[in-house]
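Quick note on the working numbering: the sequence shown kicks off at 72 and runs consecutively. We put the beta carbon where it would ideally sit given N, CA and C, even for glycine. Being a predicted model, the structure only gives us computed values, none of them experimental. Data first, discussion second: the structure below is written as structure tokens.
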Amino acid sequence: MLSQFTGEFLYAVVALFVIIDPVGTAILFAGLTVHDDAAKRRSIAKRASVISFVVLLIFGLAGEKLLRLLGIGIPALQIAGGALLFLSAKDMVTAKGELRATDEEKAAASNTTEDISVFPLAIPLIAGPGAMTTMVLLHAKANGAPGAIFAISLGLAALIVATLVAMLSARALARLMGTTGASVVGRVLGILVAALAAQFILEGLQTALHLG
72 MLSQFTGEFL
82 YAVVALFVII
92 DPVGTAILFA
102 GLTVHDDAAK
112 RRSIAKRASV
122 ISFVVLLIFG
132 LAGEKLLRLL
142 GIGIPALQIA
152 GGALLFLSAK
162 DMVTAKGELR
172 ATDEEKAAAS
182 NTTEDISVFP
192 LAIPLIAGPG
202 AMTTMVLLHA
212 KANGAPGAIF
222 AISLGLAALI
232 VATLVAMLSA
242 RALARLMGTT
252 GASVVGRVLG
262 ILVAALAAQF
272 ILEGLQTALH
282 LG
């Protein structure tokens, strides 16, 4: 019984690790929050972790039924998530007009209360289409067994904690980059986020065409 629980837990951890990628998420987090102080980065990371855990937990438990009720397929979820991620990539690459902004505008921008913990950090970077789909598939494999469902939930919690630790450690990277380095890295990461968005969309289209 214990070995089966351990097997379910490890399977969930490995499957979610590949999709969520705590290290890659931390690198993107460093690029998104490079101009924020340490306290704000910690706050954003913690909120994003809690939000993504709750979203994925609920989606795993009820996602398949909810999507079926609304007549939405997994491919549509992948395409929508990719399209939303493109918006974040655009802001990272263009730095929201930072190059053309005056000193006063930059100061005002640094004092805004814009919160990236929900979008794009929690959704769709952490709790993205891939992670949501994985949770649905893991719960379908569990077939309603309480022990397996608990193992999956525990595996999800372990991955979210690992992602949080990675994001909190990324602040050292942000300090090392400096202003110029942050500008360059932020734009490069923006391109990578755009590529990730394109991958979501392509996978959604491929699945849709295959099902069709």
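For serine 114, the enclosing alpha helix (DSSP H) begins and ends at 109 to 141. In this structure, the straight-line span from the alpha carbon of glycine 226 to that of arginine 258 is close to 33 Å. Excluding sequence positions up to five before and after valine 264, its CB lies within less than 7 Å of the CB of Leu99, Leu156, Ser159, Ala160, Met163, all in the same chain and listed in chain order. Taking C-beta separations shorter than 7 Å and ignoring five residues to either side along the sequence, valine 85 has no partners in its chain. Collapsing the DSSP output to three states places glycine 215 in coil.
Pairwise C-beta distances place the region 218 to 234 in contact with the region 109 to 127, as three or more of them are shorter than 8 Å. For glycine 95, the uninterrupted alpha helix (DSSP H) run begins and ends at 93 to 103, by DSSP.
Exclusion of the five residues before and after isoleucine 272 leaves Gln149, Ile150, Gly153, Ala154 as the residues of its chain whose Cβ lies within less than 8 Å of its Cβ.
Residue nearest to alanine 110 within the set Ile197, Met238, Ile223 is Met238 (criterion: CA-CA distance). DSSP, read as helix, strand or coil, puts histidine 281 in helix.
In summary, isoleucine 129 is exposed, with fewer than 16 beta-carbon neighbours lying within 10 Å of its beta-carbon over all protein chains present. One alpha carbon belongs to glutamine 270, the other to threonine 165, and they sit about 21 Å apart.
Distances from the CA of phenylalanine 190 to each of Leu103, Phe76, Ala241 were compared; the closest alpha carbon is that of Leu103. Taking the C-beta atoms as reference points, glycine 131 is found nearer than 8 Å to leucine 209. Assignment of glycine 152 by DSSP, reduced to helix, strand and coil, places it in the helix class.
In the three-state DSSP reduction, alanine 202 falls in the helix class (H, G or I).
DSSP, reduced to helix, strand and coil, places histidine 210 within a helical segment of the structure shown. Collapsing the DSSP output to three states places aspartate 186 in coil. Cβ contact annotation for isoleucine 220 (same chain, cutoff 6 Å, sequence separation greater than five): Ala213, in chain order. A Cβ-Cβ separation of about 7 Å places isoleucine 223 in contact with glutamate 79 under the 8 Å criterion.
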